[in-house]
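In this note's numbering, the protein residues as written are 68 to 223.
Structure, as structure tokens:
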Amino acid sequence: MMVGRCWQHALSTVPGFEPVAETATALIGARDLDPWEIEDLANSSITELRVEDIRANGVQGAFEPFLEKLAPEVDQVFLHIDMDVLDPGEAPANHYNAPDGLWASEVQKSIALIGKHFRIAGGSLSSYDPSVDPTGKTAVVAIGVLESLISAGRAG
Numbered sequence: 068m069m070v071g072r073c074w075q076h077a078l079s080t081v082p083g084f085e086p087v088a089e090t091a092t093a094l095i096g097a098r099d100l101d102p103w104e105i106e107d108l109a110n111s112s113i114t115e116l117r118v119e120d121i122r123a124n125g126v127q128g129a130f131e132p133f134l135e136k137l138a139p140e141v142d143q144v145f146l147h148i149d150m151d152v153l154d155p156g157e158a159p160a161n162h163y164n165a166p167d168g169l170w171a172s173e174v175q176k177s178i179a180l181i182g183k184h185f186r187i188a189g190g191s192l193s194s195y196d197p198s199v200d201p202t203g204k205t206a207v208v209a210i211g212v213l214e215s216l217i218s219a220g221r222a223g
């Protein structure tokens, strides 16, 4: 929706909506995409940072090329974080949680790094189903992610 590729009728009802440029958008940590999603992503200008990229290069090594490319285009960012980006062994977020996700520490380091490069204008956290998290450990992780988001937002 953010880049204007779907739900156009609904988007037309949002006063002042303008799609975000695909070149200014990244999909980070997605790992359970449908074939049509894979094709759509491949045919877009959206940057994909995979869990494997982050593990192989570290947060800074994986993110720096995108952040450097993004710098001339924007001076502020909005971060949307689906909790199912996290590994379900650490933080079971919902029934769609795929294995081999990011660790909370990687998400928090990513937020901090982005906050060093850009002003964080806002953020959102979504896709948490407490019924999948009977011990509440994902709720604790979510609070840590939100604290990182707030802290990075204040730094910018």
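Backbone N, C-alpha and C fix where the C-beta goes; we use that ideal spot for every residue, glycine too.
Item                                                                                                                                                         : Value
In whole angstroms, give me the CA-to-CA distance for Ile181 and Asn164.                                                                                     : 24 Å
What's the call for Gly190, buried or exposed, on a 16-neighbour Cβ count within 10 Å?                                                                       : buried
Does the region 196 to 208 come close enough to the region 154 to 171 to have 3 or more Cβ pairs within less than 8 Å?                                       : yes
Compute the Euclidean distance between the alpha carbons of Val41 and Trp74, then round it to the nearest angstrom.                                          : As shown, the chain starts at 68 and ends at 223. That puts residue 41 outside it, with no answer to give.
Looking at the secondary structure, which residues open and close the alpha helix (DSSP H) in which Ala134 lies?                                             : Inspection of the sequence shows that residue 134 is occupied by Leu rather than by Ala. Here the alpha helix (DSSP H) through Leu134 covers Val118 to Leu137.
Touch check for the region 105 to 112 and the region 122 to 133: three-plus C-beta pairs under 8 Å?                                                          : no
Going by alpha carbons, who is nearest to Asn110 out of Gly83, Pro197 and Thr90?                                                                             : Thr90
Shortest alpha-carbon distance to Pro132 belongs to which of Thr114, Asn161, His162 and His76?                                                               : Thr114
Could you pull out every residue in the same chain whose Cβ sits closer than 8 Å to the Cβ of Gln175, ignoring the five residues on either side in sequence? : Gly211, Val212 and Ser215
What did DSSP end up calling Ala77 once you bin it into helix, strand or coil?                                                                               : helix
With distances taken from CA atoms, which of Arg117, Leu137, Ser79 and Thr92 is nearest Gly168?                                                              : Arg117
If you draw a straight line from the C-alpha of Ile178 to the C-alpha of Lys204, how long is it?                                                             : 20 Å
Taking only the alpha-carbon atoms, compute the straight-line gap between Pro197 and Met150 and give it to the nearest angstrom.                             : 11 Å
Name, in chain order, the residues that DSSP records as bridge partners for Phe145.                                                                          : Gly189
Just to confirm the assignment: which complete alpha helix (DSSP H) runs, minimum length 4, are found wholly within the region 149 to 221?                   : 171 to 184
Using only the alpha-carbon positions, how far apart do Leu142 and Ala188 sit?                                                                               : Per the sequence shown, residue 142 should be read as Asp rather than Leu. C-alpha separation (whole angstroms): 9 Å.
Terminal residues of the continuous beta strand (DSSP E) containing Ile108?                                                                                  : For clarity, residue 108 is Leu in the given sequence; the question names Ile instead. Where Leu108 is concerned, there is no enclosing beta strand (DSSP E), although the alpha helix (DSSP H) it sits in stretches over Pro102 to Ala109.
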